[in-house]
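Enquirer: Heads up: the sequence lines are chains D and V, in that order. Counting from 1 along the first sequence, just add 8 to a position and that's the residue number in my numbering. Counting from 1 along the second sequence, just add 8 to a position and that's the residue number in my numbering. All C-beta atoms in this analysis are idealised placements derived from N, C-alpha and C, irrespective of residue type, glycine included. On a predicted model such as this, the values are computed, not experimentally measured, just so you know. Below are the structure tokens for one structure; questions will follow.
Number of protein chains: 2
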Amino acid sequence: MPTIRDVARLAGVAPITVSRVINNSGYFTDETRQRVEEAIHTLGYMPNSLARSLRSHKTRTLALVLTDITNPFWTTVARGVEDAASDAGFSVILCNTDESDIEQERYLRIILEKQVDGVLLVPSGEPHEPVSTIRSQNVPVVVLDRRVSSDLDVDSVRSDSVQGAYELVRLLIKLGHRRIAALTGPQDVSTAVDRVSGYRQALHEAGLDWEMVLYGEYDLASGFRLANIALENEGRPTSDNHDLHDLTSGFDLTSQALLANPRPTAFFAANNFLAIGALRALRAHNLQVPEQVALVGFDDLPESLVVDPFLTVAAQPAYEMGYKATELLMARLTGRAPENCQEIILPTQLIVRRSSGDPVNSSL
Amino acid sequence: MPTIRDVARLAGVAPITVSRVINNSGYFTDETRQRVEEAIHTLGYMPNSLARSLRSHKTRTLALVLTDITNPFWTTVARGVEDAASDAGFSVILCNTDESDIEQERYLRIILEKQVDGVLLVPSGEPHEPVSTIRSQNVPVVVLDRRVSSDLDVDSVRSDSVQGAYELVRLLIKLGHRRIAALTGPQDVSTAVDRVSGYRQALHEAGLDWEMVLYGEYDLASGFRLANIALENEGRPTSDNHDLHDLTSGFDLTSQALLANPRPTAFFAANNFLAIGALRALRAHNLQVPEQVALVGFDDLPESLVVDPFLTVAAQPAYEMGYKATELLMARLTGRAPENCQEIILPTQLIVRRSSGDPVNSSL
DNA sequence: TTGTATGCGTTATCAC
DNA sequence: GTGATAACGCATACAA
Chain D
9 MPTIRDVARL AGVAPITVSR VINNSGYFTD ETRQRVEEAI HTLGYMPNSL
59 ARSLRSHKTR TLALVLTDIT NPFWTTVARG VEDAASDAGF SVILCNTDES
109 DIEQERYLRI ILEKQVDGVL LVPSGEPHEP VSTIRSQNVP VVVLDRRVSS
159 DLDVDSVRSD SVQGAYELVR LLIKLGHRRI AALTGPQDVS TAVDRVSGYR
209 QALHEAGLDW EMVLYGEYDL ASGFRLANIA LENEGRPTSD NHDLHDLTSG
259 FDLTSQALLA NPRPTAFFAA NNFLAIGALR ALRAHNLQVP EQVALVGFDD
309 LPESLVVDPF LTVAAQPAYE MGYKATELLM ARLTGRAPEN CQEIILPTQL
359 IVRRSSGDPV NSSL
Chain V
9 MPTIRDVARL AGVAPITVSR VINNSGYFTD ETRQRVEEAI HTLGYMPNSL
59 ARSLRSHKTR TLALVLTDIT NPFWTTVARG VEDAASDAGF SVILCNTDES
109 DIEQERYLRI ILEKQVDGVL LVPSGEPHEP VSTIRSQNVP VVVLDRRVSS
159 DLDVDSVRSD SVQGAYELVR LLIKLGHRRI AALTGPQDVS TAVDRVSGYR
209 QALHEAGLDW EMVLYGEYDL ASGFRLANIA LENEGRPTSD NHDLHDLTSG
259 FDLTSQALLA NPRPTAFFAA NNFLAIGALR ALRAHNLQVP EQVALVGFDD
309 LPESLVVDPF LTVAAQPAYE MGYKATELLM ARLTGRAPEN CQEIILPTQL
359 IVRRSSGDPV NSSL
């Protein structure tokens, strides 16, 4: 492989002059440029990024650390990240953590050793540790999707989980539902908690005190399992309270609900996988949606994947989230960002489809 | 940031000794290791991959160049790639080309300058040029998904498009269909062509001469558009042949079909997006699937995304494809691969669901 | 406008 | 077992 010296020799100039032409920096005549470019062309010369980066302390590479690219929400975010990065001449290293702190740490180590210019991080679990690991190498971070406590002082971009959940549940209430179950993600993930807050806010505002919140993972199996728990609770004697509690990690059922022990008439699922898992559980119980049970969920599915859009959802602007976060990150690392850290909260969009059903009979 | 020299100084050894400990290469006593590791720990030292790679000519980084991560098929492939790479301590740079040769060339340049150890390439269009670009830098390539002419002599991993299409169309024929339309991708993409081959093979074997092949893009809009063309051809005078030809790029309709001018009773879509686009077109025509028209397609959708699996498909082992291709690539670049180039063809799996329907009345 | 000297942080090579 | 030296390929600092 030819190096910059070979080019310099052929063009009859010093290596630094070749460097100047390549980077379009400093001064050189048009004739010099010509000669250098010609030499580059005839040799098929390609600059070595490693040497360049070692010297310049810039790699034009970002890392995207997320939980699982397989979730279409993250896929879309990733595409936004990649487009924004690519538009600015940056590359993206993809890292799937599967919500594992171990994997996250392993990856952070690797990408920091690779001297990435910036990190887009969806923290698996608690954000302080990973953020400070990254910060310790003076690398800018933008936290994606998850809320961070204000004392962390880090840029972040996410969508409005509270508002999205609030709107979904308010819709259910407006449609006549009085017993709405919430299926959500892990309690240490801010979106899971925030979406429960929105749920509670809507209940509270409507003066409803029947609530049922089930925590699990953000996956299909949890959606199925939690919906089953919610359904099968029906008819149980209230004395089963403790058993029930033991059966399910993070089961949180108010005593009012247990006393009455009726089935919920509507479900709010806090992400796309939970919604689909729940839907399957409902079908397994021979419950028609929306005729017998209503269902709403967070995250829309890409229109290209859905034959017949059915679920009423709070759609997050996933692509925009990825794109904006990346722009912010790049602004930060080129010093173009505002001094103080940014917290960008994007609105969700309520999309009403059939799964929420028509207004229900209040006798339900 | 501390460097290897700082560590060496603190441990009272030479930098090269630190290097030996880090890389576990050469000889050193256990006591030396202890001292070095202690120094590394107290300084919080992290090796600089750039310097390391510049010297060692290894980056432990692969590039994955594909068309669009947003297609769940590619998402799954990408996850397989990432897992295989990660298992071996490699990172992956993600590149979306959107089937654009320009983008592909731009990306190849960037990743080659970054000195990636290997490339997983889904060529946009003609594969010779990108492959030889990569080869010119002595970087190993594995071509994914697309067939390459044997004179290219490159490792490749794909699934059996001909067989998958053949099985799908044979199923339709067995179910009684005699007029089956094929909706496929661009004519310069091997999968689009191969799937038509499989289609024709099944028709031929059954002695059917009615065929209709429509070429387009591998996207939703094409699925919708091509299905509409196939449906609206009904009743057109055959003299419209040329107009029709002009209307659609790559329209390829045998004269038999035009003479008869009947609607197809079944559709074969050559990928997931085409299938969904077609399904929408069928609905727009108030045609019930499968009661009035049957539909089968290539690529399965992830079970976690589909509420109610409906489409009969030839499923590709996407994850496995990514994983195996990456293993092959890494074997190649560590010299562990067989001398001659590998062409791995993975079987597809026929998954029969409702969209193909029950046996139809032969009077259709 | 161009060039010289030097160093980025690590490892290959060879000597001890 | 360990170390000195040089080199990977380029860009910064400064000189001309």
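Can you name the residues of chain V whose CB is closer than 7 Å to the CB of D/P135?
Expert: Here residue 135 of chain D refers to the residue found at position 127 when the first sequence is read from its first residue. Residues of chain V passing the Cβ test: none, with the nearest at roughly 20 Å.
Enquirer: From which residue to which residue does the alpha helix (DSSP H) around V/L152 run?
Expert: Locating residue 152 of chain V in the second sequence gives position 144, where the first residue counts as 1. Unbroken run through V/L152 is the beta strand (DSSP E), V149 to L152; no alpha helix (DSSP H).
Enquirer: So which residues on chain D does V/Q123 lean against when the C-beta distance must stay under 7 Å?
Expert: Reading the second sequence from its first residue, position 115 is the one you call residue 123 of chain V. Correct list: N56, S57 and L58.
Enquirer: In chain order, which beta strand (DSSP E) runs of at least 3 residues are fully inside the segment 11-97 of chain V?
Expert: Whole beta strand (DSSP E) segments, 3+ residues: 69-74.
Enquirer: Out of D/N56, D/F81 and D/A96, which one is the CA nearest neighbour of D/T334?
Expert: Taking the first sequence and counting its residues from 1, one reaches residue 334 of chain D at position 326. D/T334 has its Cα closest to that of D/A96, out of D/N56, D/F81 and D/A96.
Enquirer: Taking Cβ positions only, does V/I188 come closer than 7 Å to chain D?
Expert: The sequence position of residue 188 of chain V within the second sequence is 180, counting from 1. Judged by the 7 Å Cβ criterion, V/I188 is not in contact with chain D.
Enquirer: For V/F232 and chain D, any beta-carbon pair shorter than 7 Å?
Expert: What you label residue 232 of chain V is simply residue 224 of the second sequence in a count that begins at 1. Output row for V/F232: interface = no.
Enquirer: Looking at the unbroken beta strand (DSSP E) that takes in V/E351, where does it start and where does it end?
Expert: To locate residue 351 of chain V, count along the second sequence from 1; it is residue 343. Element bounds for V/E351: E351 to L354.
Enquirer: By the three-class DSSP mapping on this structure, what secondary structure does D/S164 have?
Expert: Taking the first sequence and counting its residues from 1, one reaches residue 164 of chain D at position 156. Strand, per DSSP.
Enquirer: Please tell me whether V/S99 and V/T78 are closer than 7 Å, where the distance is taken between their beta carbons.
Expert: On the second sequence, residue 99 of chain V is found 91 positions in, with the first residue counted as 1. On the second sequence, residue 78 of chain V is found 70 positions in, with the first residue counted as 1. Contact: no.
Enquirer: Are any of the Cβ atoms in chain D nearer than 7 Å to that of V/I142?
Expert: Here residue 142 of chain V is taken as the residue at index 134 of the second sequence, counted from 1. No, V/I142 lies away from the interface with chain D (no Cβ there is under 7 Å from its Cβ).
Enquirer: Quick one, are the C-beta atoms of V/V321 and V/G305 less than 7 Å apart?
Expert: Your numbering for residue 321 of chain V matches position 313 in the second sequence. Your numbering for residue 305 of chain V matches position 297 in the second sequence. Yes; because the gap between Cβ atoms is below 7 Å, this pair is in contact.
Enquirer: Could you tell me the distance, in whole angstroms, from the CA atom of V/I237 to the CA atom of V/G285?
Expert: Walking along the second sequence from the start, residue 237 of chain V turns up at place 229. Walking along the second sequence from the start, residue 285 of chain V turns up at place 277. Approximately 13 Å between the Cα atoms of the pair.
Enquirer: Tell me whether D/S99 sits in a helix, a strand or coil according to DSSP, three-state version.
Expert: The residue you call residue 99 of chain D lines up with position 91 of the first sequence. Three-state DSSP puts D/S99 in a strand.
Enquirer: Can you pull the chain D neighbours of V/G52, defined as C-beta to C-beta under 8 Å?
Expert: Position 44 of the second sequence, counted from the start, is the residue given in the question as residue 52 of chain V. The contacting residues are S144.
Enquirer: Cβ of V/H90 less than 7 Å from any chain D Cβ?
Expert: Walking along the second sequence from the start, residue 90 of chain V turns up at place 82. One point to set straight first is that residue 90 of chain V is Glu, not His, in the sequence displayed. Yes, its Cβ sits closer than 7 Å to a Cβ of chain D.
Enquirer: From the DSSP secondary-structure annotation, give me the bridge partner or partners of V/Y223.
Expert: On the second sequence, position 215 is the one that residue 223 of chain V refers to. Paired residues: V/T192.
Enquirer: Suppose the cutoff is 8 Å on Cβ atoms and the five residues either side in sequence are ignored; what does the same chain contact list for V/V89 look like?
Expert: Within the second sequence, the letter at position 81 stands for residue 89 of chain V. L70, L72, V100, L128, G330, Y331, A333 and T334.
Enquirer: With a threshold of 16 other CB atoms inside 10 Å of the CB of V/V149, please say whether the residue is buried or exposed.
Expert: Sequence index remark: in the second sequence, residue 149 of chain V carries index 141 (1-based). Buried is the call here.
Enquirer: Is V/T192 close to chain D, meaning its C-beta is less than 7 Å from at least one C-beta of that chain?
Expert: For the purposes of this step, residue 192 of chain V is identified with residue 184 of the second sequence, where counting begins at 1. Chain D, which has no Cβ nearer than 7 Å to the Cβ of V/T192, makes this no.
Enquirer: In this structure, what does DSSP give as the bridge partners for D/G365?
Expert: Start at 1 with the first residue of the first sequence, and residue 365 of chain D comes out as number 357. In the DSSP output, where bridge partners are listed per residue, D/G365 has none listed.
Enquirer: Would you check if the distance between the CB atom of V/L319 and the CB atom of V/R361 is smaller than 7 Å?
Expert: As a working note, residue 319 of chain V is residue 311 in the second sequence. As a working note, residue 361 of chain V is residue 353 in the second sequence. The answer is yes: Cβ separation under 7 Å.
Enquirer: Run through DSSP, which three-state label would V/F275 get?
Expert: For the purposes of this step, residue 275 of chain V is taken as the residue at position 267 of the second sequence. In the structure shown, V/F275 sits in a strand (DSSP, three-state: E or B).
Enquirer: CA-CA distance, V/G126 and V/R178?
Expert: As a first step, residue 126 of chain V is located in the second sequence; it is residue number 118 there, counting from the start. As a first step, residue 178 of chain V is located in the second sequence; it is residue number 170 there, counting from the start. One C-alpha to the other measures close to 39 Å.
Enquirer: Count the C-beta pairs between the segment 134-153 of chain V and the segment 173-193 of chain V that are closer than 8 Å, then say yes if the count reaches three, no if not.
Expert: Touching, no, given that fewer than three Cβ pairs across the two stretches are closer than 8 Å.
Enquirer: I need the boundaries of the beta strand (DSSP E) containing V/G126, first residue and last residue.
Expert: Your numbering for residue 126 of chain V matches position 118 in the second sequence. Note, V/G126: beta strand (DSSP E), G126 to L129.
Enquirer: Starting from the C-beta of V/L354, find all residues in its chain whose C-beta is less than 8 Å away, skip the five residues before and the five after it, and write them out in chain order.
Expert: Translated into positions along the second sequence, residue 354 of chain V becomes position 346. Closer than 8 Å at Cβ, skipping near neighbours: V165, R166, S167, D168, Q324, P325, E328, M329 and K332.
Enquirer: Measure from the C-beta of D/R87 to each C-beta in chain V and report whether the shortest distance is under 7 Å.
Expert: In the first sequence, the residue the question calls residue 87 of chain D occupies position 79. Chain V, which has a Cβ nearer than 7 Å to the Cβ of D/R87, makes this yes.
Enquirer: For V/Y35, is the classification buried or exposed, using 16 other Cβ atoms within 10 angstroms of its Cβ as the cut-off for buried?
Expert: Here residue 35 of chain V is taken as the residue at index 27 of the second sequence, counted from 1. Counting Cβ neighbours within 10 Å, V/Y35 comes out exposed, since fewer than 16 surround it.
Enquirer: According to DSSP, simplified to helix, strand and coil, what is V/N146?
Expert: By 1-based counting over the second sequence, the position of residue 146 of chain V is 138. Coil, per DSSP.
Enquirer: Can you give me the C-alpha to C-alpha distance between D/L303 and D/E213, rounded to a whole angstrom?
Expert: Mapped onto the first sequence, residue 303 of chain D falls at position 295. Mapped onto the first sequence, residue 213 of chain D falls at position 205. In a straight line, the C-alpha of D/L303 is about 20 Å away from that of D/E213.
Enquirer: Are the C-beta atoms of D/F281 and some chain V residue less than 7 Å apart?
Expert: If you number the first sequence from 1, residue 281 of chain D lands on position 273. By this cut-off, D/F281 is an interface position.
Enquirer: Confirm, please, whether the CB-CB distance from V/S198 to V/R233 is below 7 Å.
Expert: Start at 1 with the first residue of the second sequence, and residue 233 of chain V comes out as number 225. Start at 1 with the first residue of the second sequence, and residue 198 of chain V comes out as number 190. It is not a contact, given that the beta carbons lie outside the stated cut-off.
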